[in-house]
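Here the structure comes first, spelled out in structure tokens, and everything after it is commentary.
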Amino acid sequence: MKQIYSLFIFIFITTVIYGQSSNTFNYQAVIRNNLGIEIKNKTIGVKISLLQGSVSGTNVYEEIHSVTSNEQGVISFSIGTGTTTDNFSTINWANKYWLQVAVDIAGGTNYAVIGSSELQSVPYSNYATKSGDKVFSTTANVTSNASGRINADDFVFGGIQLANNSTINDDDSRFFFDKSKAAFRAGITVDDIGEGNVGNQWDDANVGYGSVAMGVSTKATTEGSVSIGRYSEVTGETGYAIGNRNIVTGNYAGAFGAENKSKAEFSLVFGLNNESNSYGQTTIGYNNATVNGNLISAINTDRLFVIGNGTFLTKSNALVMLKNGNTTLNGQLTLDADNSGTGRGYTLPAQDGNINQVMITDGAGNLSWSNIGGAFSTAGNVTSNALGMLATDDFVFGSTQLDDDINNGNDNRRMFFDKSKGAFRAGATNDSSSWSDENVGFYSAAFGFENKAIGPQTFISGGFNTVNKFYGIAMGYNNVVEGQNASAIGRSLLAESHAQISIGIYNTPKAGNAISHIANDRLFVIGNGTSTGVRSDALVMLKNGNTTLNGQLTLDGDNGGNGKPYTLPAQDGSANQVMITDGLGNMTWKDYGLETVSTLAFNSGWENYSINNGSAFEDGRFYIDNNRVYLGGLVRKTSEITQGEVIFTLPIGYRPKKQRIFSVVTEAGIVRVDIAANGNVIFNGLNFNGGQNWVSLDGISFRVD
Numbered sequence: 007m008k009q010i011y012s013l014f015i016f017i018f019i020t021t022v023i024y025g026q027s028s029n030t031f032n033y034q035a036v037i038r039n040n041l042g043i044e045i046k047n048k049t050i051g052v053k054i055s056l057l058q059g060s061v062s063g064t065n066v067y068e069e070i071h072s073v074t075s076n077e078q079g080v081i082s083f084s085i086g087t088g089t090t091t092d093n094f095s096t097i098n099w100a101n102k103y104w105l106q107v108a109v110d111i112a113g114g115t116n117y118a119v120i121g122s123s124e125l126q127s128v129p130y131s132n133y134a135t136k137s138g139d140k141v142f143s144t145t146a147n148v149t150s151n152a153s154g155r156i157n158a159d160d161f162v163f164g165g166i167q168l169a170n171n172s173t174i175n176d177d178d179s180r181f182f183f184d185k186s187k188a189a190f191r192a193g194i195t196v197d198d199i200g201e202g203n204v205g206n207q208w209d210d211a212n213v214g215y216g217s218v219a220m221g222v223s224t225k226a227t228t229e230g231s232v233s234i235g236r237y238s239e240v241t242g243e244t245g246y247a248i249g250n251r252n253i254v255t256g257n258y259a260g261a262f263g264a265e266n267k268s269k270a271e272f273s274l275v276f277g278l279n280n281e282s283n284s285y286g287q288t289t290i291g292y293n294n295a296t297v298n299g300n301l302i303s304a305i306n307t308d309r310l311f312v313i314g315n316g317t318f319l320t321k322s323n324a325l326v327m328l329k330n331g332n333t334t335l336n337g338q339l340t341l342d343a344d345n346s347g348t349g350r351g352y353t354l355p356a357q358d359g360n361i362n363q364v365m366i367t368d369g370a371g372n373l374s375w376s377n378i379g380g381a382f383s384t385a386g387n388v389t390s391n392a393l394g395m396l397a398t399d400d401f402v403f404g405s406t407q408l409d410d411d412i413n414n415g416n417d418n419r420r421m422f423f424d425k426s427k428g429a430f431r432a433g434a435t436n437d438s439s440s441w442s443d444e445n446v447g448f449y450s451a452a453f454g455f456e457n458k459a460i461g462p463q464t465f466i467s468g469g470f471n472t473v474n475k476f477y478g479i480a481m482g483y484n485n486v487v488e489g490q491n492a493s494a495i496g497r498s499l500l501a502e503s504h505a506q507i508s509i510g511i512y513n514t515p516k517a518g519n520a521i522s523h524i525a526n527d528r529l530f531v532i533g534n535g536t537s538t539g540v541r542s543d544a545l546v547m548l549k550n551g552n553t554t555l556n557g558q559l560t561l562d563g564d565n566g567g568n569g570k571p572y573t574l575p576a577q578d579g580s581a582n583q584v585m586i587t588d589g590l591g592n593m594t595w596k597d598y599g600l601e602t603v604s605t606l607a608f609n610s611g612w613e614n615y616s617i618n619n620g621s622a623f624e625d626g627r628f629y630i631d632n633n634r635v636y637l638g639g640l641v642r643k644t645s646e647i648t649q650g651e652v653i654f655t656l657p658i659g660y661r662p663k664k665q666r667i668f669s670v671v672t673e674a675g676i677v678r679v680d681i682a683a684n685g686n687v688i689f690n691g692l693n694f695n696g697g698q699n700w701v702s703l704d705g706i707s708f709r710v711d
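Following the working numbering, the numbering of the sequence shown begins with 7 at its first residue and continues without gaps.
So this is what it looks like as structure tokens:
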């Protein structure tokens, strides 16, 4: 069976060589088998054919080569130097040719065609030789390519092909005319992989029929499109872009300036970082605020004309005109019909007035809203109640009185200034007495919902807060301040003693002196409760400085530097314990010197002697004191004791580094007990009947360091 091979070909026409006797061009390829492995150091038979016009065109030249692949499977030779009966020098390079390659990897002449590809780089020295170096001719004062093929010839200057060669930078700057697409390009396409640019903006796939692109990496992909400037792209039919990084995707649309986008049909954009997102929309200015509209049809409520006046981060518009003519001006409008003549222009207010107000002028070109015959007057640019009683007039907006009218829910939301008390309120009550006179402190202020600033010179913001004493402050929700000069900031907090500050949520109640400084009263509290029924404190500081932290405390003296922080225990230890660290920042309480005595975990059959002989006998035990382990007590086995069996195993931290041997007393006399490095306590005496026999562990001790 014939073995099939695949051939991966990379053609590099690296040098056009010409002389008096012949012209050649170089060919190079990598030969691989069907597994993708290079065929190395082997003779390869190659047949080269030049086909005119197409892949199935006339064979105008044919030659064969016998070459040897190198260590990388690469073969190299010059086309025009092989064995042939044809004449390489007579080829007319003004035509288009396809290079057909056939190989015999056995080195013979049993060739198999492995592919054909168009010669994109014409050997121009050969073409120049054939043409007599006369690509252009002049007739009747007109210079043209009449010597070539006026129906098919392209033109390029600065490169040897229209498309970009990404392996070199010499052809980045070029201009060309693509005859087949009637398209023109001039400038540079940048090969900068680090910036995401591959220089393919002028390759055939990105060249529209009758399009023009000039500048730096500009792109015009559709029929009749124009892109001029730097990195601008036109993908909409007959679109046009001039400037820096403009993008035109709408048909018959345009963009001028920098960073603009024209997305709808017949839309236009001028300026910086603007967008036109509806049919026929024109946008000028910079950084306009966008609204998406219909891209291909005119809708009355879509935008027609926009002037942007925003920033890169905050987009905004100075003017928006819809297709129905409705226009919004986001600023003041000045009218001057005689165009700065003898008349006086005037400026309209930027916003609407209140119901039933009228627009009046000050005679200097400034219009404002005013109540007809109202209680206010303006003098010296100051609006006041000069027409009323300056000494006693209150002010209210949203109601006809300061107190709530329980029969009228419309006055719940209101704002007022109580002249007699110098107090201010703004927000709402819920048909309640929260802002009635008895709950309004002198010179107090309350903002929000259902707040009671009862104490003089108090301040509240939020909802459902109450401040009863002088100079108190409450901010947040449902806080109660009972102490003078006290503050509560958070939710459902209590501040009950003089100058107490409470923050957080649901702190615990603690009565104190509301008007005087008492050392044992609270000064600062951080609440961390979860509800009114579950109140708690994270921290309580008294006025004498004594502080209670209800949680762990971590100390870090160098504030995250090279030192190591440590965390104190959350609770006290037992009497006479000391605090030690694990070296990892964790402090714990520990018995000093003598550790707690531990009971034994016996192996099968072993038990304390006291089980059958009364509690007067000491049970087996062990403990550690200053790195020395002590064993003690009487143990026994309920059946025969076998030499070498394990009585129990000491835990890690209580084991010797090497095996230790001890003599102990038993009912049968003195025997040997070993303690292994793995913690096993081994009976190494002779076998004897356990029954009621006992083994004493007293006297066994060893160091673990």
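Virtual Cβ for every residue (Gly too), placed ideally from N, Cα, C.
C-alpha distance - residue i paired with residue j, whole-angstrom precision
i	j	result
glycine 138	serine 62	Here the model assigns glycine 138 a pLDDT of 42, short of 50, so the residue's position is not dependable, and the following value carries that caveat. Taking the straight line joining both Cα atoms gives about 29 Å.
phenylalanine 401	threonine 389	14 Å
serine 282	asparagine 212	24 Å
aspartate 588	glycine 659	15 Å
leucine 373	alanine 343	16 Å
valine 326	isoleucine 366	27 Å
valine 66	arginine 251	48 Å
isoleucine 174	tryptophan 208	15 Å
tyrosine 615	arginine 709	27 Å
asparagine 457	asparagine 513	20 Å
alanine 505	proline 571	34 Å
phenylalanine 668	leucine 574	42 Å
glycine 42	valine 80	13 Å
asparagine 552	serine 508	16 Å
Buried or exposed by the 16-neighbour rule on C-beta atoms within 10 Å, applied to residue i
i	result
isoleucine 681	buried
serine 233	buried
isoleucine 676	exposed
tryptophan 612	buried
isoleucine 111	buried
arginine 779	Nothing can be reported for residue 779: it is not among the residues displayed for the chain, which extend from 7 to 711.
threonine 554	exposed
serine 439	exposed
isoleucine 521	exposed
lysine 663	exposed
isoleucine 653	buried
asparagine 1	As shown, the chain starts at 7 and ends at 711. That puts residue 1 outside it, with no answer to give.
According to DSSP, residues forming a beta bridge with residue i
i	result
methionine 481	Ser467 and Ile495
valine 107	Ile54 and Gly121
valine 487	Val473 and Ala501
threonine 560	Thr573
asparagine 686	Thr655
Cβ pair residue i, residue j closer than 9 Å
i	j	result
asparagine 257	glutamate 271	yes
aspartate 704	glycine 639	yes
glycine 230	glycine 214	yes
glycine 165	phenylalanine 182	yes
glycine 478	alanine 452	no
threonine 3	phenylalanine 276	A question about residue 3 goes unanswered here, because the residues of the chain that appear run from 7 up to 711.
lysine 190	alanine 219	Checking the displayed sequence, the identity of residue 190 turns out to be phenylalanine instead of lysine. Result yes, Cβ atoms of phenylalanine 190 and alanine 219 sit closer than 9 Å.
asparagine 391	aspartate 399	yes
lysine 185	phenylalanine 161	yes
glycine 316	asparagine 330	no
valine 531	leucine 499	yes
leucine 606	glycine 620	no
Residue span of the beta strand (DSSP E) that contains residue i, given as start and end
i	result
asparagine 619	No beta strand (DSSP E) contains asparagine 619, which is instead part of the alpha helix (DSSP H) from 616 to 619.
threonine 398	Element bounds for threonine 398: n/a, residue is neither H nor E.
asparagine 252	First-last for asparagine 252: undefined, no H or E at that position.
tyrosine 636	634 to 638
serine 72	64 to 74
phenylalanine 318	Where phenylalanine 318 is concerned, there is no enclosing beta strand (DSSP E), given that its DSSP letter is neither H nor E.
serine 82	80 to 85
glycine 221	218 to 222
tyrosine 292	288 to 292
alanine 211	Element bounds for alanine 211: n/a, residue is neither H nor E.
alanine 544	543 to 548
serine 508	507 to 511
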